[in-house]
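Peer 1:
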Amino acid sequence: MVRLLQLFSLGLKSRGVKEVSSTIYSGIFAINEPYYGQLPNHHYATAPQGDPVVRKLVDYTKKLPTDGRPLYLDAQATTPMDPRVLDAMLPYLTHYHGNPHSRTHAYGWESEKAMYTARKQVADLINCEPSEVIFTSGATESNNTAIKGVARFYGVRKKHIITTQTEHKCVLASCRQLEGEGFKVTYLPVNNMGLINLEELEKAIQPDTALVTIMFVNNEIGVRQPIRQIGELCRSRNIFFHTDAAQAVGKVHIDVNSLNIDLMSISGHKIYGPKGVGALYVRKRPRVRLDPIINGGGQERGLRSGTVPSPLAVGLGAACSICKQEMDYDHKWMELLSKRLLDKIFGSLDYVVRNGDPVNSYPGCINLSFAYVEGESLLMALKDVALSSGSACTSASLEPSYVLRAIGTDDDMAHSSIRFGFGRFTTIAEVDYTADHCIKNVKKLREMR
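Position one of the sequence shown corresponds to residue 1 (the UniProt record's numbering), numbered consecutively onward.
#1: If we require 4 or more residues per run, which alpha helix (DSSP H) segments fall completely within the region 365 to 412?
#2: Within the same chain, show all residues whose beta-carbon is closer than 7 Å to that of V190, passing over the 5 residues directly before and after it, in chain order.
#3: Which two residues bound the contiguous beta strand (DSSP E) that contains H242?
#4: By a C-beta neighbour count over all protein chains shown, 10 Å radius and 16 as the cutoff for buried, is V158 buried or exposed?
#5: Thinking C-beta only, is A204 closer than 8 Å to L188?
#6: Between the Cα of I227 and those of N257, D384, L312, spot the shortest distance and give me the residue it belongs to.
#7: Where does A248 sit, in a helix, a strand or coil, going by DSSP?
#8: Between G155 and L336, what straight-line distance do the alpha-carbon atoms span, to the nearest angstrom?
#9: Between the region 281 to 292 and the region 84 to 93, do three or more beta carbon pairs fall short of 8 Å?
#10: Going by C-alpha to C-alpha distance, which of V249, G108, W333 sits closest to Q121?
#11: How long is the line joining the alpha carbons of S111 and P311, rounded to whole angstroms?
#12: Given that a residue counts as buried once 16 or more other Cβ atoms are within 10 Å of its Cβ, and exposed if not, what is A47?
#13: Going by DSSP in three states, R419 sits in which element: helix, strand or coil?
#14: Determine which residues share a DSSP beta bridge with D74 and list them.
#15: Which residues share a DSSP beta bridge with G278?
#16: Can you say whether V431 is buried or exposed, counting buried as having 16 or more other CB atoms within 10 angstroms of its CB?
#17: Start and end of the alpha helix (DSSP H) containing Y107?
#18: Could you give the C-beta distance for R119 and V133, rounded to a whole number, given that I count them as a contact under 8 Å?
#19: Give a yes or no on whether the C-beta atoms belonging to K251 and H331 are separated by under 8 Å.
#20: Cβ of G222 within 8 Å of Cβ of G138?
#21: Would you list the residues sitting across from Y187 in a DSSP beta bridge?
#22: Given a cut-off of 8 Å on the beta-carbon distance, is the pair I239 and A245 in contact?
#23: Quick one: grab the DSSP three-state call for L211.
#24: List the endpoints of the continuous alpha helix (DSSP H) containing V431.
#25: Using the beta-carbon count (16 or more within 10 Å), is R424 buried or exposed?
#26: Where L371 and E199 are concerned, what is the direct C-alpha to C-alpha distance, given to the nearest angstrom?
#27: Give the range of the beta strand (DSSP E) segment to which T235 is assigned.
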């Protein structure tokens, strides 16, 4: 399906189609129509099913893979841009090119208005005020800003931070840098399902604890931490709570107020938006103070200086708006796809282990270990499917995943792990193809031992 999205611009625009969304989604509907009866009523716009472009899209998927490029099942690394997001961005890449911080002419006002709309779209998705949304370059910058910003602002009185052993690399690296500046950091362990122990978290709190930072959904094994209980505990102890929600925003319902989240990191390219843009939610009541890590013209409430790229902000806003409308549908679709993959693999192979809690998890991320098989060998055998053996930020490393080690997985099983990442545009045909070829190649590799 990713290849279809890469073709839509030329194929549809050249045909004079202004809004590509209806035609693209008609194609998706036609491809997956036999399975939609198991889902809530979808509300995608539809073009006539006899449309020749739709027929071409459907025919195209029946021949997968055809062009030498692999199928895409690595949605935790990044997602393809939703065509509707590109539709929203295009005017601000060409016609509305003003600097949103220029207040003396119409070009600036146009971009400023678009940026406010985008900010509100992000805020509406997580139930906060638009003024609490700070645009950044992505979740890595948001995490760095939140962790270092809180620590350095309150560091005179509070020098302790709590996190977990399974956080994203940028969170762990930020904490290690702060340790070099004299801060104390507690790295909480997780159980064999990947979940923290709330009693251990409570015991780890010290009088000078400034911040607890725990990710919402893990990027390698898809486990969801008990965010509500963590937020309640932090609020009762007057400790700021930050969560890296790059893998959760737009995929699960998040209300920062009911969850008592004080700071939250968001990434655009994880939710079918553009790369190079993200956001940081910073609570105003009770107010969270930060030392900025980027200084300059004082944009974004003085917390993130630099001209906000309005086309990217518009894209992030559009992606959030689409997620808000279609989250329930997308989640059900992930459940259907993951169940199909797991049923096929576990029904045909022995000695396969699912890593992480199967209940408290996001269904679009499935991490499996195949005993008696090297993960790298399996990835090479499945060269026509884009998969990962771990985080995209560490996939070049030959070391076993530190996340899998943290949940007690031995090195052999950690080395044999594969992450399957489904997305909004993943089709049943792609999942079936992947499962069938995975089963065939695991059996073949085991026979070669």
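Glycine included, each C-beta is placed from N, C-alpha and C at the ideal position.
Peer 2: Reading from the atomic positions:
#1: Counting only runs of 4 or more, we get 375 to 381, 402 to 406.
#2: Closer than 7 Å at the Cβ level, and outside the excluded window around V190, lie T164, Q165, T166, I196, A406, I407.
#3: Bounds of the beta strand (DSSP E) holding H242 are 240 to 244.
#4: Reading off the sequence shown, one finds Lys at residue 158, where the question assumed Val. Classification for K158: buried.
#5: Yes. Within cutoff.
#6: If we check each option's Cα against that of I227, N257 comes out closest.
#7: Here A248 sits in coil by DSSP.
#8: Roughly 47 Å between the two C-alpha positions.
#9: The region 281 to 292 is not in contact with the region 84 to 93.
#10: With distances taken between Cα atoms, Q121 lies closest to V249.
#11: Their Cα atoms are separated by approximately 9 Å.
#12: Summary for A47: the model assigns pLDDT 41, below 50, so the residue's position carries little reliability; its value from the coordinates is reported in the next sentence. So A47 counts as buried.
#13: Strand.
#14: In DSSP, D74 forms a bridge with G421.
#15: According to DSSP, residue pairing for G278 in a beta bridge involves T136, S267.
#16: The Cβ neighbour count for V431, taken over all protein chains shown within 10 Å, is at least 16; the residue is labelled buried.
#17: That run of the alpha helix (DSSP H) goes 106 to 126.
#18: Yes, R119 and V133 are in contact; Cβ-Cβ is about 5 Å, under 8 Å.
#19: Pairing K251 with H331 gives a Cβ-Cβ distance under 8 Å.
#20: Between G222 and G138, the C-beta spacing is not below 8 Å.
#21: Within the DSSP bridge table, the entry for Y187 names T163 as partners.
#22: Going by C-beta atoms, I239 is not nearer than 8 Å to A245.
#23: DSSP, read as helix, strand or coil, puts L211 in strand.
#24: Per DSSP, V431 is one residue of the alpha helix (DSSP H) stretching across 428 to 447.
#25: If you draw a 10 Å sphere on the C-beta of R424, you find 16 or more other C-beta atoms in it, and that means buried.
#26: The question names Leu, yet the displayed sequence has Ala at residue 371. In this structure, the straight-line span from the alpha carbon of A371 to that of E199 is close to 34 Å.
#27: According to the sequence displayed, residue 235 carries Arg and not Thr. It is not in any beta strand (DSSP E) - R235 instead sits in the alpha helix (DSSP H) that spans 227 to 236.
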